[in-house]
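Note that our numbering gives residue 223 to position 226 of the sequence shown, counting from 1, and the numbers run on in steps of one.
Where is the CB? At the ideal position from N, CA and C, for every residue including glycine.
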Amino acid sequence: MDQPDRSANKKNWRRVVRLPTSYPLATCLVFVLVVSLFFLAFPGVDVWVSSLFYKEPKGFYLRNYAFFKQIRDLGSFAVVAVVVWLLAHLLLKLARPERPSYVPPGVTLFLLSTLIAGPLLLVNIILKNNWGRPRPVMVDVFGGDSPYVEVWRITDYCQTNCSFVSGETASAFWLMALALVVPRRFRVATAIVTGLYAALLSFNRILFGGHFLSDVLLSMGLTLMVVVIGYRLFILHPPDWLANERLEGGLTRIGERLHGRRRSDA
């Protein structure tokens, strides 16, 4: 009797472990909902976690360590490097339209669209500039003038570039989208490297007093949700007009027209 029970338990655990990969969008939605409800029910956790890295009179003292500053700088460099790499290959295709794109245009569209829709539009423009949540360094508990504000509560204590949610966390976790489009043999390694780096950068933002724990967790969930939606739209099930063949043909025609204009001008 024990052996069948153990086999059944193993199968059940495997199903649970596979849920995030089988239902990624639902997983992201549930994650955002659970994190939101948790911090609404226990707001003191946010303050407690940030207080671990705050000491009078230095404040958030770890922000002065060069190592942590370098981690933050690396995040901006990594995102810019990926964008430059994608745009360079796009320009190369237009310059040599007779050659196939080195990076499939659907991949370029997926990565750039999710970067714009997630970290840029949703996080930095909509949430950070409209929700008004004070950063930890602005909160009275840590020497500031503003009260602690719960997640999803709109206030006017902060006017722009506020704490809710973390823009740098969003950009860092967006890098995990690379794991979905690199060759299959590199996907696990890419997911591990980008995931660990994103987690380290997010922790870094808490150390600096720039964000609460809830800010980085919700930023991660919202960004990955945008990535999952973009992956379905541009990679897994693209409409005909977004299919790689259509996009490739369109870029070829644009490149040929540009070459034709250059020849006529010459």
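Asked, Found
"Residue interval of the alpha helix (DSSP H) (run including residue 158)", "Per DSSP, residue 158 belongs to no alpha helix (DSSP H) and is neither H nor E."
"Buried or exposed by the 16-neighbour rule on C-beta atoms within 10 Å, applied to residue 61", "exposed"
"The alpha helix (DSSP H) enclosing residue 28, as first and last residue numbers", "21 to 38"
"Endpoints, the alpha helix (DSSP H) within which residue 206 is located", "Per DSSP, residue 206 belongs to no alpha helix (DSSP H) and is neither H nor E."
"Unbroken alpha helix (DSSP H) run spanning residue 73, endpoints", "63 to 92"
"Euclidean distance between Cα positions of residue 153 and residue 56", "24 Å"
"Coarse secondary structure for residue 247, derived from DSSP in three states", "helix"
"Three-way DSSP call (helix, strand, coil) for residue 224 in this model", "helix"
"Run of the alpha helix (DSSP H) containing residue 170, from where it starts to where it stops", "164 to 171"
"Beta-carbon proximity list for residue 101, same chain, < 6 Å, skipping 5 on both sides", "241"
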